[in-house]
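Scroll down for the structure; my scribbles are underneath it.
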Amino acid sequence: MMFSNDGFLTDKTSSSNSGQTHVFTSFPNSAVDPDDEHFGNQSSDTDKLVLPLPATATDAKPEQSYVWQIEYYQKYFQIDTQQVLERLAASVTPRPNKSYFDSTIRQNPDLYGPFWVCITFIVTVGISGNIVNYFHLPDVEFQIDFSRITLSAILVCLYWWLMPTFIYFFFRWRLNRIEYTFLELLCLYGYSLAIFIPVSVLWIIPINWLQWTLTFIASLVSGSVLVVTFWPTINSDHKRLSAISMLVVLLAHLLMAVCIMFVFFHISDSNINPKSVTTLATTTLSSMSTLTATTTTTATITPKTA
Amino acid sequence: MDTDQAPFLTTSTQGIDMIEGDITLPSNRTNSNELSTLDEPVLDTIKRDLGAVFRKFGYAVIPRHSSTLLQQWDLWGPLILVTTLAILLQSNATKSSAGAQFAEVFTLMLIGSIAVTVNSQLLGGKISFFQSVCVLGYCLLPLLLSAFVNNILLYIPTKSTISILHIIRFLVVMAAYAWTMYASVQFLGQTQQPNRRMLVLYPIFLFYFLIAWLIILHAHPK
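Read top to bottom, the protein sequences are chains E and Y.
Counting from 1, position 221 in the first sequence corresponds to residue 221 in the UniProt record's numbering; the numbering is continuous, with no gaps.
Counting from 1, position 126 in the second sequence corresponds to residue 126 in the UniProt record's numbering; the numbering is continuous, with no gaps.
Structure representation (structure tokens):
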């Protein structure tokens, strides 16, 4: 750094160019002024687009999205209102010859439907349980009991995730076929809970046999949709194994419905204390889970002996 | 050294034109605001911000086509509304559960806003998180007014469990719920393509229904 002739502090290398004007020839796209009158004359000509487009518009390859970006998960939500309604209607109509799975879900499994069906189910169960408490138990405060709602939320979400996990691994290791991806199984199980939403409103009616009938019918209908979907895949194996596994699917469905009904809605002759109902539900849950674990192990053991 | 520095130190008479002038931007309102808000009196700042908040309340209550709510979002309105609602809803709670009930309203509001916003972003909507929280919070005003009305109506003594007042309170909350839904549909429904609009609006419907249910619960003490 030294003082040039003009008296300004300059770098030695540029001191020779101190009298020149520098012309920049390469500049980024953003430096182009759209209001420049040089471009104003050609703006009406749409063929020659002199205003340079931003880089992303002309980029041919799709941008790579990462796990922490929203765009990564958008591919699970490519769905329209009409498709969601179709899938909801199809999840309650078991049709043995035409699998709704192949026609609707297989092309485009989504996570919107299952997630919001589960949330709606939890919300309706919570609100209906609240109404039941208000009308039938005289000494309970009419406030939302968040512990029971949390219990039911955990139960429903666990059911929605665990059953597809079991079935996926069962297909993969037992049958050595990956017929359904995990996402499709999630989608299937999520939509199968849709029938329980109106049923949970009907569970408010305090007639004992009506509640049991509703539970059985609803879990039979949606369970049969599941069974009909899985039947072609599992039919190729031993008859006994396929029958047992379909029975397990149906029973798990029924079990989930019965648990929800017991925790929130069941009216028996004696005055039920809500706390004891919750402990009863948790003990039945733990005993039933050990029972299903033993049935699956026996189901895996018996074909070896058969 | 001396010879190098000599032209610098002596006054130059070699014809360097002295250029004088002022560098100012062409003055429009926002620029002068940006430059001078630091010096203005605090009362002016408060008045301007409060005016913006109340104007947004007006837009939320009488939904009009304006971009104010979305583009100049702020979170003061939602904060005021949710705090007031939480205080109103725990006024008949016992001493031990009062804090938990206050937190329940906040948690519901927060988780609900996050869920609704993430849902609309996942379905391809072009709205940012804070814009959505802003709109959801401002549209809560009718429900808050219904909670006020319910609280006032609670002081009228009634003998039976299901009386005409219960029904009036229920209807008031339902009317406020419909108003809230209408307002938020006007704002948030436009950010989505038409074939997915119901998918985006359904979680908003659930969210406001839960808050309306909390208000109804509060109106029926036992």
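Built from N, CA and C at the ideal position, the CB exists for glycine as well.
Keep in mind that this is a model prediction, so the values were computed, not measured.
Exposure label - residue i; buried when at least 16 CB within 10 Å
{"i": "E:W203", "result": "buried"}
{"i": "Y:G99", "result": "exposed"}
{"i": "Y:T117", "result": "buried"}
{"i": "Y:D49", "result": "exposed"}
{"i": "E:P109", "result": "buried"}
{"i": "E:P68", "result": "At residue 68 of chain E the sequence reads Trp, which differs from the Pro that was named. With fewer than 16 Cβ atoms within 10 Å of its Cβ, E:W68 is classed as exposed."}
{"i": "E:T133", "result": "It should be noted that the sequence gives Asn, not Thr, for residue 133 of chain E. Under this definition E:N133 is a buried residue."}
{"i": "E:S222", "result": "buried"}
{"i": "Y:K56", "result": "buried"}
{"i": "Y:Y177", "result": "buried"}
{"i": "residue 359 of chain E", "result": "Residue 359 of chain E lies beyond the stretch modelled for chain E, which goes from 1 to 306, so this question has no answer here."}
{"i": "E:T215", "result": "buried"}
{"i": "Y:Q190", "result": "exposed"}
{"i": "E:H253", "result": "buried"}
{"i": "Y:P41", "result": "exposed"}
{"i": "E:T56", "result": "With a pLDDT of 48 at E:T56, under the threshold of 50, the modelled position of this residue cannot be trusted; read the value that follows with caution. So E:T56 counts as exposed."}
{"i": "E:F169", "result": "exposed"}
{"i": "E:P164", "result": "buried"}
{"i": "E:T58", "result": "Reliability of the predicted coordinates at E:T58 is poor, the pLDDT of 45 falling under 50, and no value is obtained from them."}
{"i": "E:R240", "result": "exposed"}
{"i": "E:P114", "result": "buried"}
{"i": "Y:S132", "result": "buried"}
{"i": "Y:I62", "result": "exposed"}
{"i": "E:Q107", "result": "exposed"}
{"i": "Y:L38", "result": "exposed"}
{"i": "Y:I211", "result": "buried"}
{"i": "Y:G46", "result": "Before going further, note that residue 46 of chain Y is Ile rather than Gly in the sequence given. Exposed is the call here."}
{"i": "E:M256", "result": "buried"}
{"i": "Y:R169", "result": "buried"}
{"i": "E:D45", "result": "Note that E:D45 has pLDDT 44, beneath the 50 cutoff, so the model's placement of it is unreliable and the number below is only indicative. Under this definition E:D45 is an exposed residue."}
Inter-residue CB distance, residue i and residue j (contact presumed, cutoff 8 Å)
{"i": "Y:R204", "j": "Y:L188", "result": "Contrary to the premise, residue 204 of chain Y reads as Ile rather than Arg in this sequence. That pair is a contact at about 6 Å."}
{"i": "Y:Y202", "j": "E:W116", "result": "7 Å"}
{"i": "E:F171", "j": "E:T233", "result": "7 Å"}
{"i": "Y:G137", "j": "Y:G58", "result": "In fact, because the Cβ distance is near 15 Å, the residues do not count as touching under 8 Å."}
{"i": "E:G95", "j": "E:Y191", "result": "The question names Gly, but residue 95 of chain E is Arg in the sequence shown. Their Cβ separation, rounded to whole angstroms, is 15 Å, which puts E:R95 and E:Y191 out of contact at 8 Å."}
{"i": "E:A218", "j": "E:V199", "result": "5 Å"}
{"i": "Y:L70", "j": "Y:F130", "result": "That pair is no contact at about 10 Å."}
{"i": "Y:T180", "j": "Y:L143", "result": "5 Å"}
{"i": "E:V123", "j": "Y:L206", "result": "6 Å"}
What residues in the segment 102 to 126 of chain E have a beta carbon less than 8 Å from any beta carbon of chain Y?
Those residues of the segment 102 to 126 of chain E that come within reach of chain Y (Cβ to Cβ, closer than 8 Å) are Y112, W116, I119, T120 and V123.
Along the segment 62 to 77 of chain E, where does the CB come closer than 7 Å to a CB of chain Y? Name the residues.
Near chain Y, meaning a CB-to-CB distance below 7 Å, the residues of the segment 62 to 77 of chain E are I70, Y73, Q74 and F77.
Can you give me, in chain order, the residues of the segment 189 to 203 of chain Y that have a beta carbon less than 8 Å from any beta carbon in chain E?
N195, R196, R197, M198, L199, Y202 and P203
Using a Cβ-Cβ cut-off of less than 9 Å, give me the residues of the segment 112 to 138 of chain Y that come near chain E, in sequence order.
A115, V118, N119, Q121, L122, L123 and G124
Suppose only complete runs of 4+ residues qualify. What are the alpha helix (DSSP H) ranges in the segment 106 to 186 of chain E, listed by chain order?
112 to 136 and 146 to 169
Ignoring anything shorter than 4 residues, give me the alpha helix (DSSP H) runs that lie fully in the UniProt domain "Yip1" (69 to 214) of chain Y, in order along the chain.
Runs of the alpha helix (DSSP H) spanning 4 or more residues and lying entirely within the UniProt domain "Yip1" (69 to 214) of chain Y occur at 76 to 89, 98 to 122, 129 to 138, 141 to 153 and 164 to 188, in chain order.
Which full runs of the alpha helix (DSSP H) of 4+ residues lie inside the segment 188 to 236 of chain E, going along the chain?
196 to 202 and 208 to 234
Interface positions of the segment 232 to 263 of chain E facing chain Y (Cβ-Cβ less than 7 Å), listed along the chain:
none
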